[in-house]
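Chains as they are written, first to last, in this note's numbering: chain X, 338 to 537; chain F, 338 to 537. Don't be surprised by glycine CBs; every beta carbon is placed ideally from N, CA and C. Working notes, beginning with the structure itself.
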DNA sequence: CTGTTGACAGACCAACTGGTCTGATGTCTA
DNA sequence: TAGACATCAGACCAGTTGGTCTGTCAACAG
């Protein structure tokens with residue numbers, strides 16, 4: 338029997354399986370064997386597409402997590418005129434989109450930051466970039482809102498943006514620990530109340 | 338040469354070294370060998386005091402992290418009459434106490450929550466308890482402040498308390514990722530501003 | 001049609017790691 | 001003081017894991 342080959346798809350399948358593994362077990366807890374089992378591939382395939390475990394981890398950050406964050410946060414905020422309402426809507430959809438099982442797995446970005454940013458400079462640089470981009474997106478939206486008299490002008494948009502990012506990560510972390518959608522919902526509502534205080 | 342024995346101290350030394358290891362490398366990344374090297378002990382000593390790696394991890398949570406959090410947060414809040422000022426003071430001392438290297442290692446509690454609460458039920462239960470206690474301490478202080486007309490009565494003290502806890506964790510996580518004391522300082526100031534909006 | 005190269009399979013390996021087991025020694029008690 | 005037990009030392013073991021290497025076959029160029 339002959340098997341059709343599709344190298345690009347194979348690479349994507351490995352990336353996706355590695356993302357799942359990292360999401361659940363962390364990078365150090367990720368096992369090459371698990372990825373092979375999930376994809377049905379052999380080691381030859383994996384080590385043909387990725388030099389080693391570290392390179393695979395870096396690729397997951399760059400090609401999966403970064404992309405996911407950009408599409409989830411950047412595009413809606415760029416399209417919105419009222420950044421506060423847009424953020425509140427994003428938070429609400431966030432709550433609705435996540436089941437209890439997904440909450441328990443936590444935010445992939447937050448997980449990796451806590452695990453790896455102090456251990457590996459390559460991870461640290463890549464994760465930091467996602468934070469910076471994410472925060473800058475919110476800061477730009479807030480600054481635009483200030484120019485349009487939607488957002489209070491006496492706040493520092495960059496500080497507040499970073500606070501929103503870090504708080505959001507904190508909420509997800511707390512919800513992960515409490516294993517409760519109700520907790521996440523209450524936390525998101527409280528954050529939404531805070532966002533309301535930023536309105537001009 | 339004879340060597341004096343002090344089992345309680347030996348146990349404490351192991352616990353402390355294990356805490357350091359977990360703080361830097363996480364529980365999965367913690368190596369028994371590193372603890373032995375740090376303490377100068379042999380395996381016989383460690384496995385005499387702790388049944389296995391998991392039991393050692395549990396003991397670190399119960400006897401080191403929980404104790405540390407209780408002494409850092411509970412006692413100052415119980416003693417204070419104005420919870421908002423007390424929390425702001427705690428945040429400030431928090432910033433001043435942490436060097437850049439300590440920030441990079443992150444919050445031991447937050448690290449473990451992100452790594453283990455989805456993987457091991459024993460860790461999850463113990464870490465969740467710390468969150469619950471911490472949040473309850475703040476909620477009690479806020480409720481007392483409401484009775485004394487220091488804190489707004491139109492807020493839900495429990496929701497806000499959990500929000501403060503989760504945000505604090507988020508701030509530390511973001512500072513860890515950004516590797517910057519200045520970022521932590523700005524984030525703490527923004528959180529302090531939020532706390533100010535809770536004043537009656 | 002054929003040679004070359006990319007894509008993958010899977011056996012194999014070396015290093016690491018948590019854990020065990022036996023023995024030695026201190027400490028405490030009867 | 002002598003036996004019992006707690007407290008350790010350290011050699012040893014078995015399972016795991018990331019990574020390598022050779023071989024096979026598809027895809028494509030000429």
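- The distance from the Cβ of residue 414 of chain X to that of residue 355 of chain X is about 28 Å, inconsistent with a contact at the 8 Å cut-off.
- Annotation: the continuous alpha helix (DSSP H) that includes residue 499 of chain F extends over 494–515.
- Of all residues in the segment 460–473 of chain F, only 461, 464, 465, 467, 468, 469 and 472 come within less than 9 Å of chain X when Cβ atoms are compared, listed by chain position.
- The beta-carbon separation of residue 440 of chain F and residue 529 of chain F, rounded to 18 Å, does not stay under the 8 Å limit for a contact.
- In this structure residue 343 of chain X is exposed. Its beta-carbon is surrounded by fewer than 16 other beta-carbon atoms within 10 angstroms.
- Residue nearest to residue 378 of chain F within the set F:397, F:351 and F:535 is F:351 (criterion: CA-CA distance).
- A residue is called buried when at least 16 other Cβ atoms come within 10 angstroms of its Cβ; residue 434 of chain F does not meet this threshold and is exposed.
- Below 8 Å, enough C-beta pairs join the segment 496–504 of chain X and the segment 466–474 of chain X to call them touching: three or more.
- The DSSP-derived three-state label of residue 463 of chain F is helix.
- Shown here, residue 348 of chain X sits in a helix according to DSSP, grouped into three states.
- Closest by C-alpha distance to residue 387 of chain X, out of X:369, X:419 and X:357, is X:369.
- Excluding residues up to 5 positions away in sequence, 454 lie with their Cβ nearer than 8 Å to the Cβ of residue 465 of chain F in the same chain.
- Taken residue by residue, none of the segment 412–427 of chain F has a beta-carbon sitting less than 7 Å from a beta-carbon on chain X.
- Beta-carbon to beta-carbon, residue 419 of chain X and residue 510 of chain X are separated by about 28 Å, too far to satisfy the 8 Å threshold.
- Here the alpha carbons of residue 396 of chain F and residue 347 of chain F stand approximately 14 Å from one another.
- The Cβ neighbour count for residue 447 of chain F, taken over all protein chains shown within 10 Å, is at least 16; the residue is labelled buried.
- X:479 is the residue among X:479, X:371 and X:436 whose C-alpha sits nearest the C-alpha of residue 416 of chain X.
- Residue 442 of chain F is bridged by DSSP to nothing; it lacks a bridge partner.
- Sequence-distant Cβ neighbours of residue 489 of chain F in its own chain, meaning closer than 6 Å and more than five residues away, are 535 and 537.
- Taking CB atoms only, residue 482 of chain X has no neighbour in chain F less than 7 Å away.
- The beta-carbon of residue 439 of chain X is placed no less than 7 Å from the nearest beta-carbon of chain F.
- Closest option to residue 460 of chain X, judged by alpha-carbon separation, among X:515, X:492, X:363 and X:524: X:363.
- Proximity of residue 355 of chain X to chain F, defined by a Cβ-Cβ separation below 7 Å, is not satisfied.
- Interface criterion not met: the Cβ of residue 374 of chain F is under 7 Å from no Cβ in chain X.
- The distance from the Cβ of residue 506 of chain X to that of residue 507 of chain F is about 5 Å, consistent with a contact at the 8 Å cut-off.
- Neighbours of residue 479 of chain X in chain F, taken as residues whose beta carbon is under 8 Å from its own, are absent, since the nearest beta carbon is some 12 Å off.
- DSSP places residue 404 of chain F inside the alpha helix (DSSP H), whose first and last residues are 403–406.
- Its Cα nearest to that of residue 515 of chain F, the residue X:451 stands out among X:389, X:451, X:353 and X:438.
- With a threshold of 7 Å between beta carbons, residue 407 of chain F makes no contact with chain X.
- The shortest C-alpha to C-alpha distance from residue 406 of chain X to any of X:503, X:525, X:468 and X:521 is the one to X:468.
- Straight through space, the alpha carbons of residue 422 of chain F and residue 484 of chain F are spaced by roughly 16 Å.
- Residue 443 of chain F sits buried, since 16 or more C-beta atoms from the chains shown fall within 10 Å of its C-beta.
- With 16 or more other Cβ atoms from the protein chains shown falling within 10 Å of its own Cβ, residue 504 of chain F counts as buried.
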